[in-house]
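Just so you know, the numbering used here puts the end of the sequence shown at 162, numbered straight through with nothing missing.
Note sheet for the following structure.
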Amino acid sequence: MIWEAFSVGVSLNYYCYFYCRRKSNRIPEMMSSALLAALLVMVVLFGSAKSNGSEAGSPEVPGMFVFGDSLIDVGNNNYLDSVAKSNYWPYGCDFSEGPTGRFCNGKTVVDLIGELLGMPYLPAFADPTAVGARILGGVNYASAAAGILDETGRHWVRL
Numbered sequence: 004m005i006w007e008a009f010s011v012g013v014s015l016n017y018y019c020y021f022y023c024r025r026k027s028n029r030i031p032e033m034m035s036s037a038l039l040a041a042l043l044v045m046v047v048l049f050g051s052a053k054s055n056g057s058e059a060g061s062p063e064v065p066g067m068f069v070f071g072d073s074l075i076d077v078g079n080n081n082y083l084d085s086v087a088k089s090n091y092w093p094y095g096c097d098f099s100e101g102p103t104g105r106f107c108n109g110k111t112v113v114d115l116i117g118e119l120l121g122m123p124y125l126p127a128f129a130d131p132t133a134v135g136a137r138i139l140g141g142v143n144y145a146s147a148a149a150g151i152l153d154e155t156g157r158h159w160v161r162l
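Okay, here's the thing in structure tokens:
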């Protein structure tokens, strides 16, 4: 009786291990297929939006408001009391205007999407010149060391 329970347990454990392992090997394949399909849809949508024959220089969308962290920060931390700044070389070495506060060499993903849609670069929300009609086309609220918890980025703020 004990041996039967043991052998059933062993075979069940082996089956569960094999089944879970076999299923988990397919997850990355399915995720990569879904990611590829989503990317293809985005390319088709951006391509069709750009080929509508709109006037040169007129944006495809009225505005874009962006929230995020350092991946899409356009220089908000230049105007905030934070040690997480990137307004010095080598940041922006590939950007035509030099270091702007972006945490990359040049344009962010938001800048590239804005170019595809015919929009100008979005101003940082903390920029003192981002007032009036300039913010009607969109604002970038992204800030390095941003997070949803109060503890997020606390060590990056000067006390």
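Glycine is no exception: its CB is placed at the ideal position from the N, C-alpha and C atoms.
By DSSP's assignment, residue 141 forms a beta bridge with 67. If you ignore the 5 residues before and after residue 111, its C-beta comes within less than 8 Å of the C-beta of 74, 75, 76, 77, 105, all in its own chain and listed in chain order. Within a 10 Å sphere around the beta-carbon of residue 97 sit fewer than 16 other beta-carbons, which makes this residue exposed.
If you draw a 10 Å sphere on the C-beta of residue 103, you find 16 or more other C-beta atoms in it, and that means buried.
When Cβ pairs closer than 8 Å are counted between the two stretches, the stretch 133-141 is seen not to touch the stretch 78-94, the count staying below three. In the DSSP assignment, residue 117 falls within the unbroken alpha helix (DSSP H) covering 112-119. Here residue 66 is exposed, its C-beta having fewer than 16 other C-beta atoms within 10 Å. Non-local C-beta neighbours of residue 142 in its own chain, meaning closer than 7 Å and more than five positions away in sequence, comprise 68, 125, 126, 128, 133, ordered along the chain. Residue environment for residue 99: exposed (fewer than 16 other C-beta atoms within 10 angstroms of its C-beta).
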